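J.: Residue numbers (full-length UniProt numbering): 1 to 335.
Backbone N, C-alpha and C fix where the C-beta goes; we use that ideal spot for every residue, glycine too.
Model, not experiment: these values are computed from the prediction.
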Amino acid sequence: MDATAIEIKINNFPPLRVVSAYARFCAEINRKFPEKDFLKILNSGNNLIIAGDLNAAHKTWNNTRSSNFGFRLKRTIQNYPNARIVAHYTPTHISSRSRPGPLPIPASPSNEHLDVAIVRLGENISEALVAASKHEFKTAPIKLPRDIRSKIRHRNRVRRFWQRSRNPALKNELHTIINEIASDIRHLSRARWDKTIEELSPETGTLWRHTSFLKKPFHHIPLLKGALGSIAVAPIEKAEVIADSVQKQFELNTDVENPRFSAHIQRFLDSPTCMDLEKTSPSEIQGFIKNLKPNKSPGNDLITNRILKNLPTKFIIFIALLFNMLLENCYFPKS
Numbered sequence: 001m002d003a004t005a006i007e008i009k010i011n012n013f014p015p016l017r018v019v020s021a022y023a024r025f026c027a028e029i030n031r032k033f034p035e036k037d038f039l040k041i042l043n044s045g046n047n048l049i050i051a052g053d054l055n056a057a058h059k060t061w062n063n064t065r066s067s068n069f070g071f072r073l074k075r076t077i078q079n080y081p082n083a084r085i086v087a088h089y090t091p092t093h094i095s096s097r098s099r100p101g102p103l104p105i106p107a108s109p110s111n112e113h114l115d116v117a118i119v120r121l122g123e124n125i126s127e128a129l130v131a132a133s134k135h136e137f138k139t140a141p142i143k144l145p146r147d148i149r150s151k152i153r154h155r156n157r158v159r160r161f162w163q164r165s166r167n168p169a170l171k172n173e174l175h176t177i178i179n180e181i182a183s184d185i186r187h188l189s190r191a192r193w194d195k196t197i198e199e200l201s202p203e204t205g206t207l208w209r210h211t212s213f214l215k216k217p218f219h220h221i222p223l224l225k226g227a228l229g230s231i232a233v234a235p236i237e238k239a240e241v242i243a244d245s246v247q248k249q250f251e252l253n254t255d256v257e258n259p260r261f262s263a264h265i266q267r268f269l270d271s272p273t274c275m276d277l278e279k280t281s282p283s284e285i286q287g288f289i290k291n292l293k294p295n296k297s298p299g300n301d302l303i304t305n306r307i308l309k310n311l312p313t314k315f316i317i318f319i320a321l322l323f324n325m326l327l328e329n330c331y332f333p334k335s
């Protein structure tokens, strides 16, 4: 075992010894835990902190598995009642073979652990959705030719130089390049539109498809107005009006008090608890999920019905397990 120790003395307080230790582990030669060296360090003082990597994995300190070093260290520490092991809440190293699955199995059927498991389950589903999603354009962005892209790079370079120096000549050059880029993009769009018109044909159906688009009536888009009726003209004003509208639409409904419903819920809560509740099954939960409408809006967790319909069987079984634990405890989760 490799170790480095320092001793801290502050006024008349007892000295504190801090040891940085490392226990080498080699599976090929079946190396044993260096118990003698560890005990020598452990008995070197009363106020002692041993920090480092002892390669001692054990389920007691939040590892996915227990190693030989972990068993030996736990057995050694049990003989010292004043000693305590402080470990990470999550394992510091996860191998590919022992990587835990996405199901947060509750440590016990208590209500607190069930709440934690439900929250982590929702987080895992949301993280899986983000990892599996990619941004898709409704219409693919226009790929500009090489000469326009080179002008855009030159424009950005001139803009940086002008922002640093504020040279009027650079400002004039910048405006010239911006106008050239805008003109080139207009010509490119017009040329591509002319090419699209020339390729229209009644045999392929493209002519009738574009004709139907042109025959649609034009709907005038009304002006954006704020809360006081003022017209939003500047881009920042339009952004604020849209932000206020979206915020108002997605506010939580706090005015949900209904005397009839409140009395019915209160009578249910005051009634004796029924302990012989029938347990659910994965097939029952799968049936409810199958009947959900896929295009409904999600709740606060942003998990849509379409995501639930694509959950694997393992998740359905785990959700049934959580439901049955909640029914046994007669507990409604907070989240």
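Counting only the same chain and skipping the five closest in sequence on each side, list residues whose C-beta sits under 7 Å from that of residue 29.
T.: Here residue 29 is taken as the residue at index 29 of the sequence shown, counted from 1. Residue confidence is low: residue 29 scores 46 on pLDDT, short of 50, so the model does not pin down where it sits. No coordinate-derived value is stated.
J.: Would a C-beta distance cut-off of 8 Å place residue 152 and residue 181 closer than the cut-off?
T.: On the sequence shown, position 152 is the one that residue 152 refers to. On the sequence shown, position 181 is the one that residue 181 refers to. Yes, the pair counts as a contact, with Cβ atoms nearer than the cut-off.
J.: Taking only three categories from DSSP, how would you classify residue 280?
T.: Sequence index remark: in the sequence shown, residue 280 carries index 280 (1-based). In this structure, residue 280 counts as coil in the three-state DSSP scheme.
J.: CA-CA distance, residue 98 and residue 195?
T.: For the purposes of this step, residue 98 is taken as residue 98 along the sequence shown, with counting starting at 1. For the purposes of this step, residue 195 is taken as residue 195 along the sequence shown, with counting starting at 1. At residue 98 the pLDDT is 48, less than 50, meaning the model places this residue with poor confidence; the figure from the coordinates comes in the next sentence. Cα to Cα, residue 98 sits roughly 58 Å from residue 195.
J.: Helix, strand or coil: how does DSSP classify residue 257 here?
T.: On the sequence shown, position 257 is the one that residue 257 refers to. Coil at residue 257, not helix or strand.
J.: Is the number of C-beta pairs between the segment 163-176 and the segment 192-210 that are closer than 8 Å three or more?
T.: No, because fewer than three Cβ pairs between the segment 163-176 and the segment 192-210 fall closer than 8 Å, the two stretches do not touch.
J.: Suppose you measure from the CA of residue 120 to the CA of residue 277; what does that come to, to the nearest Å?
T.: Taking the first residue of the sequence shown as 1, we reach residue 120 at position 120. Taking the first residue of the sequence shown as 1, we reach residue 277 at position 277. Their backbone Cα atoms lie some 26 Å apart in a straight line.
J.: Considering just the uninterrupted stretch of the alpha helix (DSSP H) at residue 196, what are its terminal residues?
T.: Numbered from its first residue, the sequence shown carries residue 196 at position 196. First-last of the alpha helix (DSSP H) with residue 196: 168-198.
J.: Are the beta-carbon atoms of residue 241 and residue 224 separated by less than 8 Å?
T.: Here residue 241 refers to the residue found at position 241 when the sequence shown is read from its first residue. Here residue 224 refers to the residue found at position 224 when the sequence shown is read from its first residue. Against a cut-off of 8 Å, the Cβ pair of residue 224 and residue 241 comes out as a contact.
J.: Per the contact definition of three or more C-beta pairs closer than 8 Å, is the segment 80-87 in contact with the segment 301-316?
T.: Taking 8 Å as the limit for Cβ pairs, the verdict is that the segment 80-87 does not touch the segment 301-316.
J.: Across the segment 277-295 and the segment 110-124, are there enough close Cβ pairs to call them in contact, namely three or more that are closer than 8 Å?
T.: Contact fails: fewer than three Cβ-Cβ distances are below 8 Å.
J.: Buried or exposed for residue 322, please, with buried defined as at least 16 other CB atoms from any protein chain shown within 10 angstroms of its CB.
T.: Here residue 322 is taken as the residue at index 322 of the sequence shown, counted from 1. Result: buried.
J.: Cα separation between residue 335 and residue 122?
T.: To locate residue 335, count along the sequence shown from 1; it is residue 335. To locate residue 122, count along the sequence shown from 1; it is residue 122. For residue 335 and residue 122, the distance between alpha carbons rounds to 10 Å.
J.: Using DSSP with H/G/I as helix, E/B as strand and the rest coil, what is residue 302?
T.: On the sequence shown, position 302 is the one that residue 302 refers to. The answer is coil: DSSP assigns residue 302 none of H, G, I, E or B.
J.: Residue 96 to residue 66, Cα distance in whole Å?
T.: Counting from one through the sequence shown, the residue named residue 96 turns up at place 96. Counting from one through the sequence shown, the residue named residue 66 turns up at place 66. The predicted position of residue 96 is uncertain, since its pLDDT is 49 and thus under 50; a value taken from the coordinates is nonetheless stated next. Rounded to whole angstroms, residue 96 to residue 66 spans 16 Å at the Cα level.
J.: Based on Cα-Cα distance, which residue from 164, 22, 41, 144 lies nearest to residue 53?
T.: Here residue 53 is taken as the residue at index 53 of the sequence shown, counted from 1. The shortest C-alpha separation from residue 53 is found at 22.
J.: What residue range is occupied by the uninterrupted beta strand (DSSP E) comprising residue 4?
T.: Looking up residue 4 in the sequence shown gives position 4. Per DSSP, residue 4 belongs to the beta strand (DSSP E) from 2-8.
J.: Quick check on the burial criterion: 16 or more other C-beta atoms within 10 angstroms. Buried or exposed for residue 260?
T.: Walking along the sequence shown from the start, residue 260 turns up at place 260. So residue 260 counts as exposed.
J.: If residue 38 and residue 58 are in contact, beta carbons under 8 Å, what's the gap, nearest whole angstrom?
T.: Within the sequence shown, the letter at position 38 stands for residue 38. Within the sequence shown, the letter at position 58 stands for residue 58. With a Cβ gap of about 15 Å, residue 38 and residue 58 do not count as contacting.
J.: Could you check whether residue 18 and residue 49 sit closer than 8 Å to each other, using their CB atoms as the reference points?
T.: Numbered from its first residue, the sequence shown carries residue 49 at position 49. Numbered from its first residue, the sequence shown carries residue 18 at position 18. Cβ atoms of residue 49 and residue 18: closer than 8 Å.
J.: Might you give, ordered along the chain, the residues of its own chain that have their beta carbon closer than 8 Å to the beta carbon of residue 147, omitting 5 neighbours on each side?
T.: By one-based count along the sequence shown, residue 147 stands at place 147. Taken in chain order, the residues that qualify are 184.
J.: Output the boundary residues of the beta strand (DSSP E) element that contains residue 19.
T.: Here the question's residue 19 lines up with position 19 in the sequence shown. Run containing residue 19: 16-22, per the beta strand (DSSP E) assignment.
J.: What is the DSSP secondary structure of residue 292, counted as helix, strand or coil?
T.: Residue numbering aside, residue 292 sits at position 292 when the sequence shown is read from its first letter. Reduced to three states, the DSSP call for residue 292 is coil.
J.: Alpha carbon to alpha carbon, how far is residue 297 from residue 245?
T.: Stepping through the sequence shown from its first residue, residue 297 is reached at position 297. Stepping through the sequence shown from its first residue, residue 245 is reached at position 245. Each residue's Cα considered, the two are about 18 Å apart.
J.: Residue 114 by DSSP, collapsed to three states: which one?
T.: Taking the sequence shown and counting its residues from 1, one reaches residue 114 at position 114. Helix.
J.: By how many angstroms is the C-alpha of residue 10 removed from the C-alpha of residue 328?
T.: To locate residue 328, count along the sequence shown from 1; it is residue 328. To locate residue 10, count along the sequence shown from 1; it is residue 10. Cα to Cα, the separation comes out at about 55 Å.
J.: Which whole-angstrom value is the C-beta distance of residue 25 and residue 69, which I expect to be below 8 Å?
T.: For the purposes of this step, residue 25 is taken as residue 25 along the sequence shown, with counting starting at 1. For the purposes of this step, residue 69 is taken as residue 69 along the sequence shown, with counting starting at 1. Right, the Cβ-Cβ distance comes to about 6 Å (below 8 Å), so this counts as a contact.
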